[in-house]
Amino acid sequence: MSKNTEFVKFDKVDKSYDGKVLVVKDLNLNISEGEFITMLGPSGSGKTTCLMMLAGFETPTNGEIYLDSNPISNIPPHKRGIGMVFQNYALFPHMTVYENLAFPLRVRKVQKDEIDKKVDKALSMVSLSGFESRMPAQLSGGQQQRVAVARALVFDPAVVLMDEPLGALDKNLRESMQYEIKHIHENIGVTVVYVTHDQGEALTMSNRIAVFNDGKVQQLSSPDKLYEEPVNSFVAEFIGENNTFGGEVTDISKDVCKVKLQNGEILANPISVNSKGDKTTVSIRPERALINPKNKMDNNQTGKIEEVIYHGDHTRVRLDLLGNKDFILKVPNSSNELDLKLGNEIKVGWNSQDARALDPK
Amino acid sequence: MSSETKQILTTDGIPLEISLKKAERKNKIKAFLLVAPLLLFLIITYIFPIGEMFTRSIDDKMITNMLPKTFKSMETWDGKDLPSEEVFASFLSDFKILVDKKEHGKLAQRLNKEKNGFNTITKKLFRQVKRNKIDETQSIKEQIMKVHKRWRNVEYWQAIKRTAPPYTSAKYLKAMDMYLNEDNKITQVSEDRRIHRILWLRTVEVAFFVTVFCFLMGYPIAHLLATLPMKYSNLLMICVLLPFWTSLLVRTASWMILLQQQGVVNDFFVMIGLVSDDNRPEMMYNKVGTYVAMTQILLPFMVLPLYSVMKTISPSLMRAGKSLGGTPFIAFWKVYFPLTIPGIGAGCLLVFILAIGYYITPALVGGASGTLISNQIAYHMKTTLDWSFASAMGLMLLGGVLVIYWLYNKLVGVDNIKLG
Chain A
3 MSKNTEFVKF DKVDKSYDGK VLVVKDLNLN ISEGEFITML GPSGSGKTTC LMMLAGFETP
63 TNGEIYLDSN PISNIPPHKR GIGMVFQNYA LFPHMTVYEN LAFPLRVRKV QKDEIDKKVD
123 KALSMVSLSG FESRMPAQLS GGQQQRVAVA RALVFDPAVV LMDEPLGALD KNLRESMQYE
183 IKHIHENIGV TVVYVTHDQG EALTMSNRIA VFNDGKVQQL SSPDKLYEEP VNSFVAEFIG
243 ENNTFGGEVT DISKDVCKVK LQNGEILANP ISVNSKGDKT TVSIRPERAL INPKNKMDNN
303 QTGKIEEVIY HGDHTRVRLD LLGNKDFILK VPNSSNELDL KLGNEIKVGW NSQDARALDP
363 K
Chain B
1255 MSSETKQILT TDGIPLEISL KKAERKNKIK AFLLVAPLLL FLIITYIFPI GEMFTRSIDD
1315 KMITNMLPKT FKSMETWDGK DLPSEEVFAS FLSDFKILVD KKEHGKLAQR LNKEKNGFNT
1375 ITKKLFRQVK RNKIDETQSI KEQIMKVHKR WRNVEYWQAI KRTAPPYTSA KYLKAMDMYL
1435 NEDNKITQVS EDRRIHRILW LRTVEVAFFV TVFCFLMGYP IAHLLATLPM KYSNLLMICV
1495 LLPFWTSLLV RTASWMILLQ QQGVVNDFFV MIGLVSDDNR PEMMYNKVGT YVAMTQILLP
1555 FMVLPLYSVM KTISPSLMRA GKSLGGTPFI AFWKVYFPLT IPGIGAGCLL VFILAIGYYI
1615 TPALVGGASG TLISNQIAYH MKTTLDWSFA SAMGLMLLGG VLVIYWLYNK LVGVDNIKLG
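As given, the protein sequences belong to chains A and B, one line each in that order.
Be aware that the first sequence starts at 3, since it is given in our numbering, and climbs by one per residue.
Be aware that the second sequence starts at 1255, since it is given in our numbering, and climbs by one per residue.
This is the structure in structure tokens:
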């Protein structure tokens, strides 16, 4: 049984609120059945608008959204059968946990014993059995969150939308909830569209991530690819940490190019540069640059240590390298033979493969 | 066990409770001093006048002080046959003092209220006393009985005895169109004289419908206020509050201009052909006028509490209701509406309580069929000068409001009220 890879389909969707500015521009996005897809981006990038269009609270200005091959732009939200978890949970404060969960079933005229069964199952799924008669205000933030998730799932929707559901939780709770939601998704195989601005959350939970900026999907790929192989400098900057050099291409071949910097020259991997003279931003992940490399690397430079910050499992070293005073290195704390002192000069090397020459900033 | 009951001491060895009290005392005194002026103000302007009103409404001491000896000697009288010689003698001696003080007229007036006919016989007795016709060496009972045949009627003596207690509920009964008859039984006044009960019912009816109209009009306005973007909602808020800032009298007068038979509304109706020129409907000096003007005037009191409650309801709740499959109506009815109940309660209570004591508007636009109990109170305050009756009605109004408040507390819970 092959899964529908176009279960949710945004087809050339534009959205504008005021007729002057496009919040979402020409969005084309296919979400396959059972997928956990995350829309990631800074605030104002259009990701929540996309979610609201899918939920039915906003209408696309142009284009069409398909759910299981049916256009849904003219279907009101309550007929779409899409579950939604809201940023502030949106639990009904005057109803008990049971009533909250029973609400979507009651409006669907489900039998009473069937409701009981489903509510029971949904609550045990989020390990909140026995909380039926509590009011939302009597629950902790994490528990409310789980009730909200259970409520969005209790009526077996085809798609569940989550709008920054963990934004209000503290760090530890947020992390454990990430795993919990991920496991629920794996167990019941529902399609999840998740919106967040927290890249860590996106990377741990998703099958695929759509990085939004300026109303456009900048890159849509799996978490590892997104991190290792960003296609443009926005994605490289937004996901994880990143050392950049601005320069100009002086020589280019198939998989390596020479980039002339302000003071120096490096070899890089041409991603979005095509010809000599192109302006470019070269991006290198901190962990790809090694100190005193043992193996031969095709970029070898010397930098001066400007700052050393202890981070527990690793130490961050800020270097002044090739005119970039914010060149970050991550040194695992096991390699304690290194002499990391302020002002010392150290050798740093990296492969041209890992230095991605992207579009100029 | 012993460690549990042991007194906890501070590090200096003082019992913790005492130490805490000491530390808090200064703050408590400060806090009390801060509220003291308000407390004093409340006592002077609120509790004291209400107490005064209450005593006035039940006060019947005047006659008790006029006939002290009579009432003393009447204590042993069984009230069936004519009283004894002793009672007549003490009545005469009381009466003589009153004649000296020229207060016998007041007595006659008061007794006449109790039973018709006292005026004449008191005057007759007064003439006899003035001419010194009564010989105190003879039987006083016989002589007084000879003054007028009514003095021989036991009913009149019973009436005097009824006025003995220094307090009376007569004013309250009167406000309910009832009185105490000769047998000390509560009786209704004859049908053609029942006016107060109609007024009470009308007051409650007007207050109720004004509350309903205010709710029906205020709810959508408040919802709009709470959901519109800031720049529009501010404008709308000003529109709601503008009448609030205009003088009550001006607003009522403008309603008079609008609603009268040759007024703007009627002109408009005639212009669009809704009514014919010679058949203009009366919209003023009746209940319609009272309803329209009072609803408009009291509307902000409904809108503001509703608005403050609606403002706190997250729009995502309605969205959640819809996304979970509820139609817009179900989402509203099951989710939004129950959350606005505190505001509805506060608004309705406020409007109802204000409406039930409303005075100026019904007085100006109400006409005869639109006047309320408050107008009656004002009438007795200013025209008949029966302040004790006005006080009694005022207190009954206050009592009614307290009953409504109590009912509301039972049904909804006062903790649920949100005034803003």
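Idealized CB from N, CA, C, for every residue including glycine.
Exercise for the section: Rounded to whole angstroms, what's the CA-CA distance from A/Met-137 to A/Val-121? Just pull it up for me. Expected result: Looking at the backbone, the Cα of A/Met-137 and that of A/Val-121 are separated by about 15 Å.
Worksheet item: Of the residues that make up the stretch 61-84 of chain A, which ones have a beta carbon closer than 9 Å to any beta carbon in chain B?
Response: Result list: Pro-78, Pro-79, His-80, Lys-81, Arg-82, Gly-83, Ile-84.
Review point. Considering only the beta carbon of each residue, do B/Ala-1418 and B/Thr-1309 sit closer than 8 Å?
Key: It is not a contact, given that the beta carbons lie outside the stated cut-off.
Give the range of the alpha helix (DSSP H) segment to which B/Ser-1645 is assigned.
-> Per DSSP, B/Ser-1645 belongs to the alpha helix (DSSP H) from 1641-1665.
Report task. Kindly say whether B/Ile-1598, judged by its beta-carbon, lies nearer than 8 Å to any beta-carbon of chain A. Result -> Taking Cβ atoms only, chain A never reaches closer than 8 Å to B/Ile-1598, which makes this a no.
Subject >> Exposed unless 16 or more other CB atoms sit within 10 angstroms - verdict on B/Phe-1583 >> reply: Residue burial annotation: B/Phe-1583 is exposed, with fewer than 16 other C-beta atoms found within 10 angstroms of its C-beta.
- If you draw a straight line from the C-alpha of B/Ser-1256 to the C-alpha of B/Ala-1277, how long is it? Residue confidence for B/Ser-1256 is low, a pLDDT of 45 falling below 50, so the modelled location carries little weight and cannot support an answer.
Practice task
Verify the CB distance criterion: does B/Leu-1652 have a CB-CB separation below 8 Å to chain A?
Solution key: Closer than 8 Å: no.
Going by C-alpha to C-alpha distance, which of A/Arg-318, A/Asn-32, A/Leu-103, A/Lys-11 sits closest to A/Glu-243? The residue with the shortest Cα to Cα distance from A/Glu-243 is A/Arg-318.
Go through the stretch 180-213 of chain A residue by residue and report every complete run of the alpha helix (DSSP H) that reaches 4 residues or more, in order.
Restricted to the stretch 180-213 of chain A, the alpha helix (DSSP H) segments that are unbroken, complete and at least 4 residues in length are 201-207, listed in chain order.
Per-residue DSSP class, three states only, for B/Lys-1576 | Of the three classes helix, strand and coil, the one that applies to B/Lys-1576 here is helix, per DSSP.
request  = Verify the contact flag: A/Asp-13, CB atom, against every heavy atom of the ligand FMN, threshold strictly below 7 Å.
outcome  = Of ligands this structure carries none, so the ligand FMN is not represented either.
task = Note down, in chain order, all residues in the stretch 1553-1583 of chain B with a beta-carbon under 8 Å from any beta-carbon belonging to chain A.
result = Of all residues in the stretch 1553-1583 of chain B, Ser-1568, Ser-1570, Leu-1571, Arg-1573, Ala-1574, Gly-1575, Lys-1576, Ser-1577, Leu-1578, Gly-1579, Gly-1580, Thr-1581, Pro-1582 have a Cβ within less than 8 Å of some Cβ in chain A.
| task | Give the straight-line distance between the Cα atoms of A/Val-161 and A/Pro-167, rounded to the nearest whole angstrom. | result | One C-alpha to the other measures close to 15 Å.
Specify the secondary structure class of B/Trp-1411 as computed by DSSP and reduced to three states.
-> Residue state, collapsed to three classes: helix.
### Query
If you run the structure through DSSP and keep just helix, strand and coil, what is B/Thr-1376?
B/Thr-1376: helix per DSSP, three-state reduction.
Discussion item. To test your reading of the DSSP string, which unbroken alpha helix (DSSP H) runs of 4 or more residues are found completely within the stretch 269-352 of chain A?
Written reply: The qualifying runs do not exist here; there are none.
- Query: Is it the case that the Cβ atoms of A/Phe-9 and A/Asn-209 are separated by a distance below 8 Å?
  - Reply: No.
Please check if any C-beta of chain A sits within less than 8 Å of the C-beta of B/Leu-1593.
Yes - at least one Cβ of chain A is within 8 Å of the one on B/Leu-1593.
So, at 6 Å on beta carbons, what are the nonlocal neighbours of A/Lys-11 in its own chain, with the 5 sequence-adjacent residues on each side left out? Cβ-Cβ distances below 6 Å link A/Lys-11 to Asn-32, Tyr-68 in the same chain, with the five nearest sequence neighbours on each side left out; the list follows chain order.
**Report entry** A/Arg-176, DSSP secondary structure in three states
**Finding:** Note: A/Arg-176 maps to helix in three-state DSSP.
Taking 8 Å as the threshold (beta carbon to beta carbon), is B/Val-1589 in contact with chain A? For B/Val-1589, the nearest beta carbon of chain A is closer than 8 Å to its own beta carbon.
- [ ] Classify A/Met-3 as buried or exposed, calling it buried when 16 or more other Cβ atoms lie within 10 Å of its own Cβ.
- [x] At A/Met-3 the pLDDT is 44, less than 50, meaning the model places this residue with poor confidence; the figure from the coordinates comes in the next sentence. Exposed, since its Cβ has fewer than 16 Cβ neighbours within 10 Å.
Original post:
chain B partners of A/Val-161, CB-CB under 7 Å?
Top reply: For A/Val-161, no chain B residue has a Cβ inside 7 Å of its Cβ, as the nearest lies near 11 Å away.
Open item on the list: Using 8 Å as the threshold, is the C-beta distance between B/Phe-1295 and B/Lys-1428 below it?
Closed with: The answer is no: Cβ separation not under 8 Å.
- prompt: Terminal residues of the continuous beta strand (DSSP E) containing B/Met-1491?
  reply: Bounds of any beta strand (DSSP E) do not take in B/Met-1491; it lies within the alpha helix (DSSP H) bounded by 1484-1499.
Here's the rule I'm using: 16 or more other beta-carbon atoms within 10 Å means buried, otherwise exposed. How should B/Glu-1368 be labelled? Buried is the call here.
- Query: Of the residues A/Met-54, A/Asp-70, A/Ala-92, which one's Cα is nearest the Cα of A/Pro-78?
  - Reply: Ranked by Cα distance from A/Pro-78, the options A/Met-54, A/Asp-70, A/Ala-92 are led by A/Met-54.
Name the chain B residues whose beta carbon is nearer than 8 Å to that of A/Ala-92?
Those are Ser-1568, Ser-1570, Leu-1571, Arg-1573, Ala-1574, listed as they occur along chain B.
From the DSSP output, in three-state form, read off B/Ser-1256 for me. Model confidence at B/Ser-1256 stands at a pLDDT of 45, short of 50, so the residue's coordinates are unreliable; what they give is reported in the following sentence. In the displayed model, B/Ser-1256 falls within a helix according to three-state DSSP.
Worksheet item: So, do the stretch 1455-1462 of chain B and the stretch 1620-1637 of chain B have three or more beta carbon pairs nearer to each other than 8 Å?
Response: Flag = yes, the stretch 1455-1462 of chain B and the stretch 1620-1637 of chain B touch.
What is the DSSP secondary structure of B/Gly-1305, counted as helix, strand or coil? The answer is helix: DSSP assigns B/Gly-1305 an H, G or I state.
**OP:** Please go through the same chain and pick out, in chain order, the residues whose beta-carbon is closer than 8 Å to the beta-carbon of B/Leu-1512, but skip the five residues on each side of it.
**Re:** If we look at B/Leu-1512 and ignore the five residues flanking it on each side, its Cβ neighbours are Val-1518, Val-1519.
Give me the Cα-Cα distance between B/Leu-1287 and B/Ile-1297, rounded to the nearest whole angstrom. Taking the straight line joining both Cα atoms gives about 15 Å.
- Mind checking whether A/Pro-62 and A/Gly-248 have CB atoms under 8 Å apart? Not closer than 8 Å, so no.
Unbroken alpha helix (DSSP H) run spanning A/Asp-226, endpoints
Boundaries of the alpha helix (DSSP H) around A/Asp-226: 225-230.
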